[in-house]
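Accompanying notes for the structure given below.
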Amino acid sequence: MKEENLVIVESPAKAKTIEKFLGNEYLVKSSFGHIRDLDKKNLGIEINNNYKPNYIISPDKKKIVEELKKLAKDARMIWLATDEDREGEAIAWHLYHVLSLTSEKTRRIVFHEITKDAILNAIKNHRFIDTNLVNAQQARRVLDRLVGFELSPLLWKKIKPALSAGRVQSVAVKLLAEREREINSFKTSSNFKVIATFTKPGQDDKIIKFQAELEKRLADMEISRTFLEKMKGAEFKVSDITRKPTKKSPLPPFTTSTLQQEASRRLGFSVAQTMAVAQRLYEAGKISYMRTDSVNLSDSARSATAKVISELFGKKYLHTRNYKTKTKGAQEAHEAIRPTNSDLQTIQGNVSDRKLYELIWKRTIASQMTDAELEKTTIRISNSKSPDIFIATGEVLKFEGFLRLYKESPEDDSEEESGNLLPPVGKNDKLFPEKIEASEKYTAHPPRYTEASLVKKLEEMGIGRPSTYAPTISTIQNRQYVIKEDRAGDVRKCKILTLSQNTIHESVKEENYGFEKAKLFPTDIGLIVNDFLEQHFDSIINYNFTATVEEEFDLIAEGRVDWTTMIDKFYRPFHKKVDETSKTGEKIKGERLLGIDPESGKPVYAKIGRYGPIVQIGDIRDQENKPKFASLLKGQSLEKISLEEALKLFRLPRIIGIYENSEITVGTGRYGPYIKHFNKYYSLKKGVDDPLKITLERAIELIEDKRKDIKNKIIKSFSDSPDLLILNGKYGPYISLDKKNYKIPKSKNPNELTLDECKQIISVSERKTKKKK
DNA sequence: CAGTGAGCGAGCTTCCGCTTGACTT
2 MKEENLVIVE SPAKAKTIEK FLGNEYLVKS SFGHIRDLDK KNLGIEINNN YKPNYIISPD
62 KKKIVEELKK LAKDARMIWL ATDEDREGEA IAWHLYHVLS LTSEKTRRIV FHEITKDAIL
122 NAIKNHRFID TNLVNAQQAR RVLDRLVGFE LSPLLWKKIK PALSAGRVQS VAVKLLAERE
182 REINSFKTSS NFKVIATFTK PGQDDKIIKF QAELEKRLAD MEISRTFLEK MKGAEFKVSD
242 ITRKPTKKSP LPPFTTSTLQ QEASRRLGFS VAQTMAVAQR LYEAGKISYM RTDSVNLSDS
302 ARSATAKVIS ELFGKKYLHT RNYKTKTKGA QEAHEAIRPT NSDLQTIQGN VSDRKLYELI
362 WKRTIASQMT DAELEKTTIR ISNSKSPDIF IATGEVLKFE GFLRLYKESP EDDSEEESGN
422 LLPPVGKNDK LFPEKIEASE KYTAHPPRYT EASLVKKLEE MGIGRPSTYA PTISTIQNRQ
482 YVIKEDRAGD VRKCKILTLS QNTIHESVKE ENYGFEKAKL FPTDIGLIVN DFLEQHFDSI
542 INYNFTATVE EEFDLIAEGR VDWTTMIDKF YRPFHKKVDE TSKTGEKIKG ERLLGIDPES
602 GKPVYAKIGR YGPIVQIGDI RDQENKPKFA SLLKGQSLEK ISLEEALKLF RLPRIIGIYE
662 NSEITVGTGR YGPYIKHFNK YYSLKKGVDD PLKITLERAI ELIEDKRKDI KNKIIKSFSD
722 SPDLLILNGK YGPYISLDKK NYKIPKSKNP NELTLDECKQ IISVSERKTK KKK
């Protein structure tokens with residue numbers, strides 16, 4: 002009798018696992034997350050009916066809901082086993098109503114780990130749906146909808162269509178905008194770092210070389226020179242030695258956010274890629290659930306881990322521990338991300354799957370290993386000519402502990418890098434400097450965010466959830482508030498003064514700096530939207546907003562505040578502000594006057610145009626001479642572009658030469674820089690070609706490349722009908738005619754299609770699309 | 001994937017959190 006008991010969880014993979022634990026009088030099904038949501042067609046909330054939410058069954062859930070309805074009807078008892086957090090409670094509540102359940106045949110159960118004991122225990126301790134917690138979720142949902150669906154249309158009206166704003170995404174953009182401006186206003190300075198290289202005879206007459214750094218940095222070149230002059234003929238001795246034992250503890254097992262960070266740092270994964278791989282591993286039963294904010298391991302997982310450590314490394318390396326989460330607002334409905342089978346060090350599968358799995362395995366095992374023990378030695382070195390002190394530090398690993406398995410940073414992996422090996426010295430030992438070098442060091446601006454470091458920051462601020470980190474990062478890129486890219490660095494000169502053999506030598510070293518790899522840059526639109534929101538809706542995108550409303554959601558969950566009262570208090574002033582802002586002022590274009598064009602005497606502006614950032618010579622109101630426009634190039638921004646750079650852009654389009662008796666021109670259009678030849682367009686390679694500098698040779702190369710590509714793309718053409726082509730596209734072969742594309746049935750070989758067959762495929766598909774309409 | 005412009009004004013866009021597929025022309 003499988004129909005006796007119906008258990009509903011959120012994830013199908015979880016359902017499969019649980020079914021194994023429970024006897025066959027239990028049928029375990031999943032809801033695939035939320036089954037209902039606010040109506041998307043309008044606000045989905047009846048403002049004047051005490052904020053009554055208008056829930057509708059999500060289109061992609063209709064099938065599963067029908068199935069669950071049927072099963073629930075036949076079952077004797079329904080166990081709602083969704084996650085024990087706000088969202089999980091709401092899912093249970095929606096199920097209860099949508100499936101028309103009754104309190105007699107419904108039980109609410111919860112467990113935080115998927116083990117037999119945990120589940121049987123949950124069944125014993127069943128309860129009923131917590132309405133207060135459900136109401137806290139409704140408040141969360143309604144608030145997010147109100148903010149998103151009132152602010153977004155305001156942006157369409159004031160800035161441009163299809164933009165968006167929200168409690169989470171707008172804060173993410175704000176973080177990037179603020180950091181970018183910090184970087185723009187950062188003034189680089191330099192000072193001099195002084196390093197002395199000493200030699201000391203070690204065991205077996207081996208000479209040990211080691212370095213010591215001057216305790217303070219010197220302000221400039223002249224001061225450095227004076228200092229080195231003073232060091233000529235100075236005598237050095239050890240004035241003090243300290244040895245201090247230190248410990249390094251392992252990091253806790255992975256949460257969604259820390260997994261994303263480590264996979265980014267060590268494997269170079271984007272956050273979306275990490276989640277896609279983790280999802281595969283989860284569905285294959287290799288790892289526990291990958292969307293979690295908990296660092297907790299179940300008792301059984303911990304003892305399995307302990308067994309592995311004892312077997313692989315011995316008891317000496319075992320130190321089981323419980324980690325406590327420090328994350329604000331963590332709901333801890335699941336375990337940490339861990340391997341389901343601790344014995345499995347690696348898995349079959351593609352490279353990414355294997356690498357991510359091994360990372361998870363190592364981190365989990367290491368979390369239950371002993372601390373690493375180190376000894377840090379500090380040698381202070383004084384000299385006869387000045388009171389200044391040189392300091393040499395070195396670290397020796399006494400016991401590797403968890404480091405045997407999991408190095409803290411990728412750099413730790415290279416053994417010899419671990420630096421300065423110090424010689425055995427005693428107090429008052431004399432030391433002889435081989436050379437002393439003062440080299441110029443520049444201060445660095447605050448780092449730009451990567452996808453992963455932005456997630457980390459959001460998590461620290463308690464904004465967003467494990468299930469939304471990756472989608473949020475995608476959203477701000479899709480809206481083109483932010484672009485992820487590499488940017489070329491620059492070269493600068495570092496002055497070096499070297500004292501050796503009693504003479505001072507001056508040299509210059511070139512240093513690369515400022516190279517950015519896969520960093521997030523706010524775009525002009527991102528900055529303008531952010532400024533607009535900051536100006537009018539600071540209270541919403543303020544870093545404290547989420548924290549404050551979370552406190553209120555907690556009060557609702559405790560039954561101390563009515564959720565509609567809370568929403569009303571928020572909505573009234575908010576909506577008033579939206580109305581006011583909507584009425585006043587005109588479109589925001591981020592316009593900036595750059596200066597006067599020396600040729601025409603007209604003003605030059607930078608602003609957002611219909612298709613993105615542009616520069617403009619002349620006024621729009623000038624009826625006789627319409628203004629001239631030019632698009633900004635990649636890497637340029639409205640905020641930073643200078644008059645000189647702007648004027649250069651007007652040199653496009655320009656003719657760069659003749660090829661095949663026809664002019665080649667270079668310009669920039671709405672899709673970026675291009676070259677034009679015979680009325681055909683060829684895009685320039687992003688990040689490689691500069692339209693202001695491109696040569697005729699390179700342009701011809703691009704034209705020939707594109708011609709080759711087109712040739713390779715054509716599988717078949719017909720002389721009777723030159724417009725009809727069989728092409729090789731991203732999704733395989735297809736037929737192209739009059740800018741429309743048609744799918745080739747799987748049964749046909751594209752190489753053998755005749756013209757008549759093609760025409761038939763086209764007419765069949767035309768008929769189909771007509772029918773749809 | 002193809003496209004390389006700049007006041008005609010239709011109808012559309014959008015939030016955050018739960019969870020996985022379908023299959024591109």
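Each residue of the first sequence is one higher than the one before, counting from 2 in the working numbering.
By construction, the Cβ of each residue, glycine as well, lies at the ideal position given by its N, Cα and C atoms.
Could you tell me which residues DSSP puts in a beta bridge with Asp241?
-> Indexing the first sequence from 1 puts residue 241 at position 240. Answer is Arg381, bridged to Asp241.
Three-way DSSP call (helix, strand, coil) for Ala91 in this model | In the first sequence, residue 91 corresponds to position 90, counting from 1. Helix, per DSSP.
How about Glu333 and Ser295: are their beta carbons less than 8 Å apart?
-> Translated into the one-based positions of the first sequence, residue 333 becomes position 332. Translated into the one-based positions of the first sequence, residue 295 becomes position 294. Against a cut-off of 8 Å, the Cβ pair of Ser295 and Glu333 comes out as a contact.
Closest to Arg405 by CA distance: which of Lys363, Ser722, Lys436, Thr379 is it?
-> Position 404 of the first sequence, counting from 1, holds the residue named residue 405. When each option's Cα is compared against that of Arg405, the closest is Lys363.
To the nearest angstrom, report how far apart Arg303 and Lys386 are at their CA atoms.
-> For the purposes of this step, residue 303 is taken as residue 302 along the first sequence, with counting starting at 1. For the purposes of this step, residue 386 is taken as residue 385 along the first sequence, with counting starting at 1. For Arg303 and Lys386, the distance between alpha carbons rounds to 60 Å.
Are the Cβ atoms of Ile242 and Thr378 separated by less than 8 Å?
-> Counted from its first residue, the first sequence places residue 242 at position 241. Counted from its first residue, the first sequence places residue 378 at position 377. Yes, they are a contact pair.
Spatially closest choice to Thr198 from Thr499, Glu105, Ser31, by CA coordinates = The residue given as residue 198 occupies position 197 in the first sequence. When only C-alpha atoms are compared, the closest one is Thr499.
Lys363: first and last residue of the uninterrupted alpha helix (DSSP H) it sits in | For the purposes of this step, residue 363 is taken as the residue at position 362 of the first sequence. It spans 352-367 - the alpha helix (DSSP H) in which Lys363 sits, taken as one unbroken run.
Contact set for Ile208: own chain, Cβ-Cβ below 7 Å, skip 5 residues either direction | The residue you call residue 208 lines up with position 207 of the first sequence. Closer than 7 Å at Cβ, skipping near neighbours: Thr200, Pro202.
Closer than 6 Å by C-beta to Glu416: which residues in its own chain qualify, once you throw out the five before and the five after it? Chain order, please.
-> To locate residue 416, count along the first sequence from 1; it is residue 415. Reliability fails at Glu416, whose pLDDT of 46 lies under 50, so the model's placement of it is uncertain and the value that follows must be treated cautiously. The answer is none, since no qualifying residue turns up.
With a 10 Å radius around its C-beta and 16 neighbouring C-beta atoms as the bar for buried, classify Glu162 as buried or exposed.
-> Indexing the first sequence from 1 puts residue 162 at position 161. In the sequence on display, residue 162 carries Pro and not Glu. It is exposed - the Cβ of Pro162 has fewer than 16 other Cβ atoms within 10 Å.
Alpha carbon to alpha carbon, how far is Ser766 from Ile745?
-> Reading the first sequence from its first residue, position 765 is the one you call residue 766. Reading the first sequence from its first residue, position 744 is the one you call residue 745. Their Cα atoms are separated by approximately 10 Å.
Determine the closest residue to Thr565 out of Ile46, Asn25, Tyr27, with distance taken between C-alpha atoms.
-> On the first sequence, residue 565 is found 564 positions in, with the first residue counted as 1. Among Ile46, Asn25, Tyr27, the Cα nearest to that of Thr565 belongs to Ile46.
To which residues does DSSP link His320 through a beta bridge?
-> Indexing the first sequence from 1 puts residue 320 at position 319. Answer by DSSP bridge pairing: none, since His320 is not bridged.
Contact the region 184-192 vs the region 439-447: 3+ CB pairs below 8 Å | yes
According to the neighbour-count rule (16 or more other Cβ atoms, all chains shown, within 10 Å of its Cβ), is Tyr450 buried or exposed?
-> As a working note, residue 450 is residue 449 in the first sequence. Classification for Tyr450: buried.
Whole-angstrom distance between Lys629 and Leu1, CA atom to CA atom | Past the edges of the chain, shown from 2 to 774, lies residue 1, and the structure says nothing about it.
In the region 214-264, which residue ranges form an unbroken beta strand (DSSP E) of at least 3 residues, counting only runs that do not cross its ends?
-> 237-249
With which residues is Glu486 paired in a DSSP beta bridge?
-> Stepping through the first sequence from its first residue, residue 486 is reached at position 485. Answer by DSSP bridge pairing, in chain order: Lys520.
Using DSSP with H/G/I as helix, E/B as strand and the rest coil, what is Glu312?
-> Taking the first residue of the first sequence as position 1, residue 312 is located at position 311. In the structure shown, Glu312 sits in a helix (DSSP, three-state: H, G or I).
Could you give the DSSP three-state label for Arg128: helix, strand or coil?
-> Taking the first sequence and counting its residues from 1, the one referred to as residue 128 is at position 127. In this structure, Arg128 counts as strand in the three-state DSSP scheme.
Going by other Cβ atoms of all chains shown within 10 Å of its Cβ, with 16 needed for buried, is Ser343 buried or exposed?
-> Counting from 1 along the first sequence, the entry for residue 343 is found at position 342. Per the 10 Å Cβ criterion, buried.
What number of angstroms, rounded off, separates the C-alpha of Lys458 from the C-alpha of Leu534?
-> Translated into positions along the first sequence, residue 458 becomes position 457. Translated into positions along the first sequence, residue 534 becomes position 533. About 20 Å.
Three-state secondary structure assigned by DSSP to Glu417 = Start at 1 with the first residue of the first sequence, and residue 417 comes out as number 416. Any answer about Glu417 is weak, because its pLDDT of 43 lies below 50 and its placement is not dependable; what the coordinates show is given next. Helix.
C-alpha gap between Lys316 and Phe433, whole angstroms = The residue given as residue 316 occupies position 315 in the first sequence. The residue given as residue 433 occupies position 432 in the first sequence. The alpha-carbon atoms of Lys316 and Phe433 are separated by roughly 46 Å.
Using the rule of at least 16 other Cβ atoms within 10 Å of the residue's Cβ for burial, across every protein chain shown, is Leu219 buried or exposed?
-> Taking the first sequence and counting its residues from 1, the one referred to as residue 219 is at position 218. So Leu219 ends up on the buried side.
Mind checking Asn599: buried by the 16 CB within 10 Å criterion, or exposed?
-> Translated into positions along the first sequence, residue 599 becomes position 598. It should be noted that the sequence gives Pro, not Asn, for residue 599. Exposed is the call here.
Taking the runs of the beta strand (DSSP E) that are 3 residues or longer, which of them lie wholly in the region 152-208?
-> 191-202
Heavy atom of the ligand PLP within 7 Å of Glu753 beta-carbon = Looking at this structure, you won't find the ligand PLP or any other ligand, since it has none at all.
The region 543-556 in contact with the region 113-133 per 3-pair CB rule at 8 Å = no
Secondary structure of Met276, DSSP reduced to three states | Counting from one through the first sequence, the residue named residue 276 turns up at place 275. If DSSP states are grouped into helix, strand and coil, Met276 belongs with the helices.
Could you tell me whether the region 666-680 touches the region 614-628, using the rule of 3 or more Cβ pairs below 8 Å?
-> no
Unbroken alpha helix (DSSP H) runs of length 4 or more, entirely within the region 23-106: which are they?
-> 63-75, 87-99
How long is the line joining the alpha carbons of Ile568 and Ile464, rounded to whole angstroms?
-> Reading the first sequence from its first residue, position 567 is the one you call residue 568. Reading the first sequence from its first residue, position 463 is the one you call residue 464. Each residue's alpha carbon lies about 19 Å from the other.
Residue from Ala213, Thr259, Lys428, His335 with nearest C-alpha to Leu357 | For the purposes of this step, residue 357 is taken as the residue at position 356 of the first sequence. Checking every option, the nearest Cα to that of Leu357 belongs to Thr259.
Since I believe Ile390 is in contact with Val426 (beta carbons under 8 Å), could you give me their beta-carbon distance rounded to a whole number of angstroms?
-> Counted from its first residue, the first sequence places residue 426 at position 425. Counted from its first residue, the first sequence places residue 390 at position 389. At roughly 15 Å, the Cβ-Cβ gap does not stay under 8 Å, so Val426 and Ile390 are not in contact.
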